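In the numbering used here, the protein residues as written are 3 to 474.
The block underneath contains the structure these notes are about, expressed in structure tokens.
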């Protein structure tokens, strides 16, 4: 039978009840006790009403303990979230994913981090999602915007953006955003200021404007909360996952961006006079539909320079906390593709050029075996592809080019030419054909509709319906 004890304030009024139940005997022979605090949901309740509801809550709590729930009314969401992140990291979740979780928690914790796990309700989460959609929520989303002194200092020091990226450990795309006076994270701004051996205020100003988040980003927050509470439910710390009963926004599935044949012609023409290294990288993106990290993760033993067989089994990845590192592909499974003759020709030329650079550098050459490196052999940040393509499109007055659009173009081309979904999924490195079908549902529908033209061929030898004459 549970023990119920009233807790009173200085005036002698009951404010809550302490509930204690037995949970068996431990290995020393001592009785195990579980405790919780019941607080009345309304302020206008009489002491008799409170005792009645507290008694019902006590028996419910006792039942939960008997069923194995380790109900803890003191463990806060923020502390348990850190435990789950540590657990994920130990079980091999990608560093980039862990970094994203940490970034999302900067908005989540100020809203619900102080709440005990067992007291989180769907209403709390719905309020958080609403605030994210309206305000972007919390002061922890503060950004930094560069002052003009940043660009002036770079010119005085004769530093390129690439060198600043290497010295600060910040992504090249973030450096580009900073020098264009776009908001960046406080952490990146502090790293840039430190690399330039100056004070934060000398190079940056704080921008604490609250910006509404997209439905897609809000849904990311919801999924992380759900993951954390699902672990708590699995460990029988909470009775149910409150996120499973919440109502997050439902963003519309974005249509993949891909290039039409005439746009691809313009891009290929513009590439003709570009540096060999970047020309070869772009050709591989177009030809294989690889992710940018997969292209940068290729090594010379991944390719047969005589036949064009390419094995994609690793990726070069970047996170602010870890820098550039070698990891697995998104699915963790290797795949093989055959290169087009044009791509293979460029790779052979780049192989010769890299050998020349290696001889030229001598002892300064950093051996890494990666296909694409800097002139001294050091590895390239995969984010640099995005920044180079942006500058490339600006130089040639082309529409904004994003590397992932080449991937969508490769997929669309395969689907339009009747390649089956299983083969397309294998070529693209998707986990299964369902993923391909979901992403490219629009292109698949168009391809199926065009099949009607083929079906209509059975009527080609028959007389066409006569058009009705209009009455005068």
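No residue lacks a Cβ here, since even glycine has one placed at the ideal position from N, Cα and C.
All of these numbers come straight from a predicted model, not from anything done at the bench.
Exercise for the section: State the Cα-Cα distance for the pair residue 224 and residue 327, rounded to the nearest angstrom. Expected result: 29 Å
Practice task
Can you give me the start and stop residues for the alpha helix (DSSP H) that residue 33 sits inside?
Solution key: Per DSSP, residue 33 belongs to no alpha helix (DSSP H); it is in the beta strand (DSSP E), 33-40.
Practice task
Note down, in chain order, each residue of its chain lying with its Cβ closer than 6 Å to the Cβ of residue 154, except the 5 sequence neighbours on either side.
Solution key: none
Problem - Which of helix, strand or coil DSSP assigns to residue 309 - result: coil
Exercise for the section: Please state if the CB of residue 195 and the CB of residue 519 are separated by a distance shorter than 8 Å. Expected result: No answer is possible for residue 519: it lies beyond the span of the chain, which begins at 3 and ends at 474.
Handout entry: Distance between residue 260 and residue 215 (C-alpha atoms, nearest Å)
Key = 25 Å
Practice task
Tell me, please, which residues DSSP counts as bridged to residue 146.
Solution key: 186, 208
Practice task
Using 10 angstroms around the beta-carbon of residue 69, count the other beta-carbons present and answer buried if the total reaches 16, otherwise exposed.
Solution key: exposed
Exercise for the section: Find out if the Cβ-Cβ distance for the pair residue 398, residue 272 is shorter than 8 Å. Expected result: yes
Practice task
Reducing DSSP to helix, strand and coil, say where residue 461 ends up.
Solution key: For residue 461, the pLDDT reaches just 49, beneath the cut-off of 50, and the residue's location in the model is therefore unreliable, leaving the point undetermined.
Problem - Assigned secondary structure, residue 295 (DSSP; H/G/I helix, E/B strand, else coil) - result: helix
Problem - Of the residues 263, 62, 298, 218, the one placed nearest residue 280, counting alpha carbons only - result: 298
Handout entry: Where residue 136 falls, given that 16 or more other Cβ within 10 Å makes a residue buried
Key = exposed
Practice task
Could you tell me the distance, in whole angstroms, from the CA atom of residue 21 to the CA atom of residue 9?
Solution key: 10 Å
Problem - Inter-residue spacing [alpha-carbon to alpha-carbon] between residue 249 and residue 128 - result: 6 Å
Exercise for the section: Inspect the beta-carbon positions of residue 146 and residue 185 and report whether they are closer than 8 Å. Expected result: yes
Exercise for the section: Please confirm whether residue 118 and residue 77 have their CB atoms less than 8 Å apart. Expected result: yes
Practice task
Give me whichever residues DSSP pairs with residue 285 in a beta bridge.
Solution key: Paired residues: none, contrary to the question.
Problem - N-terminal and C-terminal residue of the alpha helix (DSSP H) that residue 27 is part of - result: Residue 27 -> not in any alpha helix (DSSP H); beta strand (DSSP E) instead, spanning 16-27.
Practice task
Give the DSSP-derived three-state secondary structure of residue 97 in the structure shown.
Solution key: helix
Exercise for the section: Just grab the DSSP bridge partners of residue 338 for me. Expected result: 313
Practice task
Hey, could you find the ends of the beta strand (DSSP E) residue 263 is sitting in?
Solution key: From DSSP, residue 263 is part of no beta strand (DSSP E) but of the alpha helix (DSSP H) over 263-273.
Practice task
Using 10 angstroms around the beta-carbon of residue 410, count the other beta-carbons present and answer buried if the total reaches 16, otherwise exposed.
Solution key: buried
Exercise for the section: Decide yes or no for the touch test of the stretch 341-353 against the stretch 314-330: beta carbon pairs closer than 8 Å, at least 3 of them. Expected result: no
Exercise for the section: May I have a chain-ordered list of the alpha helix (DSSP H) segments no shorter than 4 residues that lie completely inside the stretch 189-249? Expected result: 202-205, 217-236
Problem - Three-state secondary structure assigned by DSSP to residue 374 - result: coil
Practice task
Could you check the C-alpha separation between residue 333 and residue 309 for me, to the nearest Å?
Solution key: 26 Å
Handout entry: Proximity test, residue 150 beta-carbon vs the ligand COA heavy atom, cut-off 7 Å
Key = Absence of the ligand COA is noted for the structure shown, with no ligands found whatsoever.
Exercise for the section: Kindly indicate if chain D contains any beta-carbon less than 8 Å away from that of residue 111. Expected result: Structure shown: chain D not included; a single protein chain is present.
Practice task
Mind the definition here: the stretch 220-239 touches the stretch 356-373 only if three or more C-beta pairs lie below 8 Å; say whether that holds.
Solution key: no
Practice task
Apply the 10 Å Cβ neighbour rule to residue 307 and answer buried if 16 or more other Cβ atoms are within range, or exposed otherwise.
Solution key: exposed
Handout entry: With 16 other Cβ atoms within 10 Å as the buried cut-off, status of residue 29
Key = exposed
Handout entry: As assigned by DSSP and simplified to three states, the class of residue 55
Key = helix
Handout entry: Residues that residue 333 bridges to, as DSSP identifies them
Key = DSSP output for residue 333 lists no bridge partner at all.
Practice task
Examine the Cβ distances between the stretch 36-48 and the stretch 79-93 and report whether three or more of them are shorter than 8 Å.
Solution key: no
Handout entry: Own chain residues within Cβ distance below 7 Å of residue 475, not counting five before or after
Key = This structure cannot settle anything about residue 475, because the visible part of the chain is limited to 3 through 474.
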